[in-house]
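Participant: Below are the structure tokens for one structure; questions will follow.
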């Protein structure tokens, strides 16, 4: 449902939020239409020059303030530099007087020679231009109301905007109402789409702030089907689990019986009192497995067949079509049975396979369902001008706007005042350049604190003689005096920085993006005169064209929004990518995670049962082999005595290999019957053959002869039978 919610949000954002932004822009243009037309008219006629001239006239008060600050700062600098120069001169004089006393002192003499001539100010602030006359000129311009004269022409030009705004004001409310009505229609459409995309739980929400929604019957049916499927899964999944588990247990038991039968048969021994693992046990396990196979064969085959039919049909009818719907006969048949011909024009309804293919390409819902064939709302957006009658309203505005543009934007008196300002000393560029050059220099070429430290060091290095003490004292006093003068240097530096900033600011005020104020005023007066002539000759026609251009720009904003809506609906809104992801994930989950293991289960059961068939035949043969007896080899002669040399070790070896004796006799027939050799009494021991039964006893079981190299055949003997005893 996340993709559905995102689609609803996209529709709301497109039809409500974006249109609200458009409405604000249109209303702002209508409310400031006069000012917009006037601004464009000023640009075309170069009447913008009157704004710059007004700015120059208005800035005279700022220029006057800067001149006052320059004047006061210059006076402070001149005063403080005079104090500093006086102090530096006194220190330089005292150091010069010490030259005679320091002739025998190289450090003192070198210090005085190097620094005495550098104790002076590097800047002559007395040479700074006097701004008193410039200040008087600016004051005179201000008192002559140059600013008022220039502003009078600006107000005359601004009256054009006011007149245009007043004439369109009567039509603005009606145009706004039309725009708001279109917004309400889009909002209703957005709410309908939003309600249609809401699931049943949200549609029934009692929240008063939510949209009034109706039940979504389609989504409700989907939810009911999903709940029904979930109920079936919860109720019957356990039976499927136990049934499959029981089938696996049966197969496991049969396999276990056959395995135990083979193990016991291969590893078992003859049933006598010395052994516990009998071969007959293996035969019993094998026959048990055969019996269970016959007993459950019908159940196994029935379950395998049912699972085979269900799995194969699901694979053919569901998984294969879902994986490749474009080349599926099932989908072709479904498209013929379930089509959308009732909703689309004849022969133009999209097929289910086409819808799925477009959805996998992440196309929009409008393109996937070909909504352009059944819904003309998007096409009707282009006819908004006719539905809202915007063309007629804009045309009416053009006829209503008739403005007299024969205005005086620059009077003769204002022009004369501006020319006087351009020719005054305030507009002299060289004056302020000279200020800048002087202020770029350093106040002193030496550091007074560094010189004071050198004086103290030199005084400390002088010998402690009475004639040298006065020199040392003088050097230390001058060092203290220089440290005091450093405060004046700091103050002068601060005033110099302030003066540089004020001069730079004043220079910018006097340039107006030109090299000088004189050039700027001359260009602006020329532009103002051109604008006045243009307005007198072509003003009305230009205003009409500008109003028409304004109308076109106004409608262009609406056209741009319409194109934006068309592009968004056709390409962006409701992209089918999330649905395609759900489709693929569902197909993968059902086919790969459910059906593949399901088919693997019945295939495994079938193959296991298939291998049980030859296993049963083999089990029957093995069981008969494990129980098979061997006929006795013939008459045997019993010897009454055995040689004493048949020791215990050989008897134990004979007992260990007694299972191989019968087989050895069976494979050596030349020792039986009438051709049997006479007994070799020296190798016979009666105790070794005490375990063999007398004549008429049960036959011995046979086993495979051992190929072990440790086997030693016992000597043959002759046993005539009970009648010869």
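In our numbering, the protein residues as written are 154 to 878.
Here a beta-carbon is modelled for each residue, glycine too, at the ideal position from N, C-alpha and C.
Please read these numbers as outputs of a predicted model, since none were measured by experiment.
1. Just the C-alpha distance for residue 502 and residue 493, rounded to the nearest angstrom, thanks.
2. Within 10 angstroms of its Cβ, does residue 671 collect 16 or more other Cβ (buried), or is it exposed?
3. Hey, how far is the Cα of residue 696 from the Cα of residue 689?
4. Are the region 222-241 and the region 701-716 touching by the rule of at least three beta carbon pairs closer than 8 Å?
5. Buried or exposed: which applies to residue 211, given that a residue is buried once 16 or more other Cβ atoms fall within 10 Å of its Cβ?
6. Quick one, are the C-beta atoms of residue 439 and residue 776 less than 9 Å apart?
7. Can you list, in chain order, the residues of its chain whose CB lies under 6 Å from that of residue 850, leaving out five sequence neighbours each side?
8. At what residues does the alpha helix (DSSP H) containing residue 184 begin and finish?
9. Would you mind working out which of 673, 703, 773 and 496 sits nearest residue 207, comparing C-alpha positions?
10. Could you give the C-beta distance for residue 320 and residue 554, rounded to a whole number, given that I count them as a contact under 8 Å?
11. Going by alpha carbons, who is nearest to residue 246 out of 333, 504, 265 and 312?
12. Around the C-beta of residue 705, are 16 or more other C-beta atoms found within 10 angstroms, so that it is buried, or is it exposed?
13. Mind the definition here: the region 212-226 touches the region 733-749 only if three or more C-beta pairs lie below 8 Å; say whether that holds.
14. Does the region 464-479 come close enough to the region 743-759 to have 3 or more Cβ pairs within less than 8 Å?
15. Between residue 193 and residue 699, which are expected to be in contact by the criterion C-beta below 8 Å, what is the C-beta distance as a whole number of angstroms?
16. What three-state label does DSSP hand residue 431 in the structure shown?
17. Which parts of the region 413-495 are runs of the alpha helix (DSSP H), unbroken and 4 residues or longer, counting only runs that do not cross its ends?
18. Spatial neighbours of residue 285 within its chain, please: C-beta separation below 8 Å, excluding the five flanking residues on both sides.
19. How far does the alpha helix (DSSP H) with residue 287 in it reach, from first residue to last?
20. Rounded to whole angstroms, what is the Cα-Cα separation between residue 675 and residue 642?
21. Can you tell me the Cα-Cα spacing of residue 376 and residue 386, whole angstroms?
22. Do residue 678 and residue 310 have their CB atoms nearer than 9 Å?
23. Would you give the residue range spanned by the alpha helix (DSSP H) that residue 707 belongs to?
24. Kindly examine the ligand COA and report whether one of its heavy atoms sits closer than 8 Å to the Cβ of residue 643.
25. For the alpha helix (DSSP H) containing residue 613, name the first residue and the last one.
26. Counting along the chain, where does the alpha helix (DSSP H) carrying residue 519 start and finish?
27. Cutting at 6 Å between CB atoms, please list the residues of its own chain near residue 325, excluding the five before and the five after it.
28. Looking at the unbroken alpha helix (DSSP H) that takes in residue 246, where does it start and where does it end?
29. Do you know whose CA, among 709, 635, 761 and 570, lies nearest residue 237's CA?
30. Using only alpha-carbon positions, find the residue among 404, 753, 317 and 450 that is nearest to residue 692.
31. Starting from the C-beta of residue 564, find all residues in its chain whose C-beta is less than 7 Å away, skip the five residues before and the five after it, and write them out in chain order.
32. Does DSSP put residue 254 in a helix, in a strand, or in coil?
Facilitator: With the structure as the only source:
1. For the purposes of this step, residue 502 is taken as residue 349 along the chain shown, with counting starting at 1. For the purposes of this step, residue 493 is taken as residue 340 along the chain shown, with counting starting at 1. Between residue 502 and residue 493, the C-alpha separation is close to 6 Å.
2. Walking along the chain shown from the start, residue 671 turns up at place 518. For residue 671, the number of other beta carbons within 10 angstroms of its own is at least 16, and it is reported as buried.
3. On the chain shown, position 543 is the one that residue 696 refers to. On the chain shown, position 536 is the one that residue 689 refers to. If you take the alpha carbons of residue 696 and residue 689, they lie about 12 Å apart.
4. no
5. One-based indexing of the chain shown puts residue 211 at position 58. Residue 211 comes out exposed.
6. Translated into the one-based positions of the chain shown, residue 439 becomes position 286. Translated into the one-based positions of the chain shown, residue 776 becomes position 623. Yes, they are a contact pair.
7. Position 697 of the chain shown holds residue 850. Because the pLDDT of residue 850 is 46, which lies under 50, any placement of that residue in the model is unreliable, and the number read from its coordinates should be weighed accordingly. There are no such residues.
8. What you label residue 184 is simply residue 31 of the chain shown in a count that begins at 1. Looking at the DSSP string, the run of the alpha helix (DSSP H) that includes residue 184 is 171-184.
9. As a working mapping, residue 207 is identified with position 54 in the chain shown. Closest by alpha carbon: 673.
10. Start at 1 with the first residue of the chain shown, and residue 320 comes out as number 167. Start at 1 with the first residue of the chain shown, and residue 554 comes out as number 401. Rounded, the Cβ-Cβ distance is 5 Å, consistent with contact.
11. Position 93 of the chain shown, counting from 1, holds the residue named residue 246. Residue 265 is the option with its Cα nearest to residue 246.
12. Looking up residue 705 in the chain shown gives position 552. Residue environment: residue 705 is assigned as exposed (fewer than 16 neighbouring CB atoms within 10 Å of its CB, all protein chains considered).
13. no
14. yes
15. In the chain shown, the residue the question calls residue 193 occupies position 40. In the chain shown, the residue the question calls residue 699 occupies position 546. At roughly 5 Å, the Cβ-Cβ gap stays under 8 Å, so residue 193 and residue 699 are in contact.
16. On the chain shown, residue 431 is found 278 positions in, with the first residue counted as 1. Of the three classes helix, strand and coil, the one that applies to residue 431 here is strand, per DSSP.
17. 432-467, 473-476 and 482-490
18. Within the chain shown, the letter at position 132 stands for residue 285. Counting only Cβ-Cβ distances below 8 Å, and skipping sequence neighbours, we find 224.
19. Translated into positions along the chain shown, residue 287 becomes position 134. First-last of the alpha helix (DSSP H) with residue 287: 285-296.
20. By 1-based counting over the chain shown, the position of residue 675 is 522. By 1-based counting over the chain shown, the position of residue 642 is 489. Roughly 43 Å between the two C-alpha positions.
21. Within the chain shown, the letter at position 223 stands for residue 376. Within the chain shown, the letter at position 233 stands for residue 386. For residue 376 and residue 386, the distance between alpha carbons rounds to 15 Å.
22. Here residue 678 is taken as the residue at index 525 of the chain shown, counted from 1. Here residue 310 is taken as the residue at index 157 of the chain shown, counted from 1. The answer is no: Cβ separation not under 9 Å.
23. Numbered from 1 along the chain shown, position 554 holds the residue referred to as residue 707. For residue 707, the enclosing alpha helix (DSSP H) stretches over residues 670-720.
24. With respect to small molecules bound, the structure shown includes none, and the ligand COA cannot be examined in it.
25. If you number the chain shown from 1, residue 613 lands on position 460. Secondary structure note for residue 613: its alpha helix (DSSP H) is the uninterrupted segment 601-614.
26. Mapped onto the chain shown, residue 519 falls at position 366. First-last of the alpha helix (DSSP H) with residue 519: 518-521.
27. The count along the chain shown starts at 1 and reaches residue 325 at position 172. Answer for residue 325: 183, listed in chain order.
28. Translated into positions along the chain shown, residue 246 becomes position 93. Unbroken alpha helix (DSSP H) run through residue 246: 213-250.
29. Translated into positions along the chain shown, residue 237 becomes position 84. Minimum Cα distance to residue 237 is reached at 635.
30. Taking the first residue of the chain shown as 1, we reach residue 692 at position 539. Comparing Cα-Cα distances from residue 692 to each of 404, 753, 317 and 450, the minimum goes to 317.
31. Taking the chain shown and counting its residues from 1, the one referred to as residue 564 is at position 411. Correct list, in chain order: 302, 305 and 306.
32. The sequence position of residue 254 within the chain shown is 101, counting from 1. Coil at residue 254, not helix or strand.
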